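K.L.:
Got a structure here, written out as structure tokens. Questions coming.
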Amino acid sequence: GGAARRAGGACEVTVQRLNARVGAGALLALLPEPVVAYADAEYLQEQVFEVAAGGSLVLLDWFASGRRANGESWAFKRYASVNCVRLAGAPLLHDHLALTNDGADEGGGGGGDHGASVAARMGRAHVMATLVLVGPRVAAAAAAEPCGRA
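Following this line, the structure appears as structure tokens:
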């Protein structure tokens, strides 16, 4: 879906928050369509998952470079996604990705291209994804060897 709303020509930030609890023996599979942020969009997402002992979670958090047919590849203003997973009350994962097209990325993992645009840093890639597998019902998939790179 869209990643920002326009009101009177001004771009507003779109914020999505999700808080989910997964009970013992339950499985939550969150497999949405990718976020597609159009030119100048600002999208902020925070997802928090409380997984009980014996509960399982499949989380796919992914986004596309934009509306490529409109020439909007990595043309958003800001994209930020935070995923937190707690297992049996203990912190298991805190993943924070923040990309901006003003050369001032947050969170970052150290690279030396802080002044480069997102498009320059992403190269030929047009999709970025994080897959999280937690719990006994997905243990075999989590332990499997990767199939290779696309």
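Going from the sequence shown to the working numbering is simple: count from 1 and add 1. The C-beta atom is built at its ideal place from N, Cα and C for all residues, glycine as well. All values reported here derive from a predicted model rather than from experimental measurement.
1) Locate the alpha helix (DSSP H) running through Val-119, then write down its first and last residues.
2) DSSP has Cys-20 in a bridge; who is on the other side?
3) Can you give the beta carbon distance from Ala-83 to Leu-58, rounded, assuming they're within the 8 Å contact cut?
4) Taking the beta carbon of Gly-110 as the centre, do at least 16 other beta carbons fall within 10 Å, making it buried, or is it exposed?
5) Taking Ala-45 and Val-16 to be in contact with their CB atoms under 8 Å, please state how far apart those CB atoms are, rounded to whole angstroms.
6) Would you tell me roughly how many angstroms separate the C-alpha atoms of Ala-21 and Val-119, rounded to the nearest one?
7) By alpha-carbon positions, which one of Gln-48, Thr-101, Phe-50 ends up nearest to Ala-40?
8) Closest by CA to Phe-50, which one among Leu-31, Phe-77, Arg-138?
9) With the cut-off set at 8 Å, would you say Lys-78 and Glu-43 are in Cβ contact?
10) Could you pull out every unbroken beta strand (DSSP E) segment of at least 3 residues lying fully inside the segment 55-100, listed in chain order?
P.N.:
Concretely, from the data shown:
1) It spans 119-123 - the alpha helix (DSSP H) in which Val-119 sits, taken as one unbroken run.
2) What sits at residue 20 in the sequence shown is Asn, not Cys. Answer is Val-49.
3) A small correction: the amino acid at residue 83 is Val; Ala does not occupy that position in the sequence shown. Not quite, the Cβ-Cβ distance comes to about 16 Å (not below 8 Å), so this is no contact.
4) Interpretation of Gly-110 is limited by its pLDDT of 49, a score under 50 that renders its predicted location unreliable; the figure taken from the coordinates is listed afterwards. Flag for Gly-110 reads exposed.
5) Before going further, note that residue 45 is Leu rather than Ala in the sequence given. Their Cβ separation, rounded to whole angstroms, is 5 Å, which keeps Leu-45 and Val-16 in contact under 8 Å.
6) If you take the alpha carbons of Ala-21 and Val-119, they lie about 31 Å apart.
7) Minimum Cα distance to Ala-40 is reached at Thr-101.
8) In this structure, Leu-31 is the residue among Leu-31, Phe-77, Arg-138 with its C-alpha nearest to the C-alpha of Phe-50.
9) Result yes, Cβ atoms of Lys-78 and Glu-43 sit closer than 8 Å.
10) With a minimum length of 3 residues, the continuous beta strand (DSSP E) runs that stay inside the segment 55-100 are 57-65, 79-88.
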